[in-house]
Amino acid sequence: DTGVSQNPRHKITKRGQNVTFRCDPISEHNRLYWYRQTLGQGPEFLTYFQNEAQLEKSRLLSDRFSAERPKGSFSTLEIQRTEQGDSAMYLCASSLAGRDYEQYFGPGTRLTVT
Amino acid sequence: DQQVKQNSPSLSVQEGRISILNCDYTNSMFDYFLWYKKYPAEGPTFLISISSIKDKNEDGRFTVFLNKSAKHLSLHIVPSQPGDSAVYFCAASRPYSGAGSYQLTFGKGTKLSVIP
Numbered sequence: 141d142t143g144v145s146q147n148p149r150h151k152i153t154k155r156g157q158n159v160t161f162r163c164d165p166i167s168e169h170n171r172l173y174w175y176r177q178t179l180g181q182g183p184e185f186l187t188y189f190q191n192e193a194q195l196e197k198s199r200l201l202s203d204r205f206s207a208e209r210p211k212g213s214f215s216t217l218e219i220q221r222t223e224q225g226d227s228a229m230y231l232c233a234s235s236l237a238g239r240d241y242e243q244y245f246g247p248g249t250r251l252t253v254t
Numbered sequence: 002d003q004q005v006k007q008n009s010p011s012l013s014v015q016e017g018r019i020s021i022l023n024c025d026y027t028n029s030m031f032d033y034f035l036w037y038k039k040y041p042a043e044g045p046t047f048l049i050s051i052s053s054i055k056d057k058n059e060d061g062r063f064t065v066f067l068n069k070s071a072k073h074l075s076l077h078i079v080p081s082q083p084g085d086s087a088v089y090f091c092a093a094s095r096p097y098s099g100a101g102s103y104q105l106t107f108g109k110g111t112k113l114s115v116i117p
């Protein structure tokens, strides 16, 4: 399967703990995006990478959130000191340069903060 | 302020009939529009897109219509099949101009149920 993959698929954590999610994009895609989706809403943009450079961050991305894409391949999204409001589906997408509008999504990581 | 709106949370259609899903947007800077389909426990799957320079794009059973003056687009599925039952999201993007570029702005989705 050459689609976008995300791990873990589900994560349950206690409030105050740190969590890290991983995204592996489609191999030839140089752009990678993180979105968050809560119940009854569409995905909301969090941040975007072109190769290893993080070029844009949404105001939704508080200081407790950090994302990296160290070698321009996979990416990680870390949430420190989780809060119940962080409970959501975290989606990763990738796109090919020149076809940036067509973003291909992974299955998501569902985070539950108790 | 919701820039992309899908005002119908749900739609039920008989198998074989046409499904029409609607989407309105408020930001005139949007120049590219997409439809995604989402099954439970999966990520959104890209379905079809349209550039603002066109008013129609067709791919098999799926056709997207864009009315720029009304800031409205619609997705037609003909004929509808039970496997089309999913949540459909409308999304929009702006041309590259720095901040805000490339990110997709999504509506809240419409749940389509195709009844056999």
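Going down the list, the protein sequences come from chains A and B. For the first sequence, the working numbering gives the first residue as 141, with consecutive numbering after it. For the second sequence, the working numbering gives the first residue as 2, with consecutive numbering after it. Even for Gly, the Cβ is constructed at its ideal location relative to N, Cα and C. Predicted, not measured: the structure shown is a model, and the values here were computed from it.
Asked: Quickly, what does DSSP pair B:His-77 with across the bridge? List them, please.; Found: B:Ile-21 and B:Thr-64
Asked: Three-state secondary structure (DSSP) at A:Gln-224?; Found: helix
Asked: With A:Val-266 and A:Glu-223 assumed to form a contact (beta carbons below 8 Å), what rounded beta-carbon distance in angstroms separates them?; Found: Since the first residue of chain A shown is 141 and the last is 254, residue 266 of chain A is not available in this structure.
Asked: Which runs of the beta strand (DSSP E), 3 residues or longer, sit entirely within the stretch 189 to 235 of chain A?; Found: 193 to 197, 205 to 208, 215 to 219 and 228 to 235
Asked: Excluding sequence positions up to five away, which residues of its chain have a Cβ less than 8 Å from the Cβ of B:Ser-9?; Found: Leu-22, Asn-23 and Thr-111
Asked: For B:Lys-69, report the span of its beta strand (DSSP E) as first-last.; Found: Element bounds for B:Lys-69: n/a, residue is neither H nor E.
Asked: Look up A:Gln-146 in the DSSP assignment and give the residues it is bridged to.; Found: A:Cys-163
Asked: Within the same chain, show all residues whose beta-carbon is closer than 6 Å to that of A:Pro-183, passing over the 5 residues directly before and after it, in chain order.; Found: Tyr-175, Gln-177 and Leu-231
Asked: Around the Cβ of B:Ile-51, are there at least 16 other Cβ atoms within 10 angstroms (buried) or fewer (exposed)?; Found: buried
Asked: Touch check for the stretch 55 to 62 of chain B and the stretch 240 to 249 of chain A: three-plus C-beta pairs under 8 Å?; Found: no
Asked: Rounding to the nearest angstrom, what Cα-Cα distance links A:Ile-156 and A:Gly-212 in this structure?; Found: The residue you asked about is not Ile; residue 156 of chain A is Gly in the sequence shown. Straight-line Cα distance between these residues: approximately 30 Å.
Asked: Quick one, which of A:Phe-189, A:Gly-180, A:Thr-153 and A:Ala-193 has its alpha-carbon nearest B:Phe-107's?; Found: A:Gly-180
Asked: For B:Gln-7, count neighbouring Cβ atoms within 10 angstroms of its own Cβ and tell me buried if that reaches 16, exposed if not.; Found: buried
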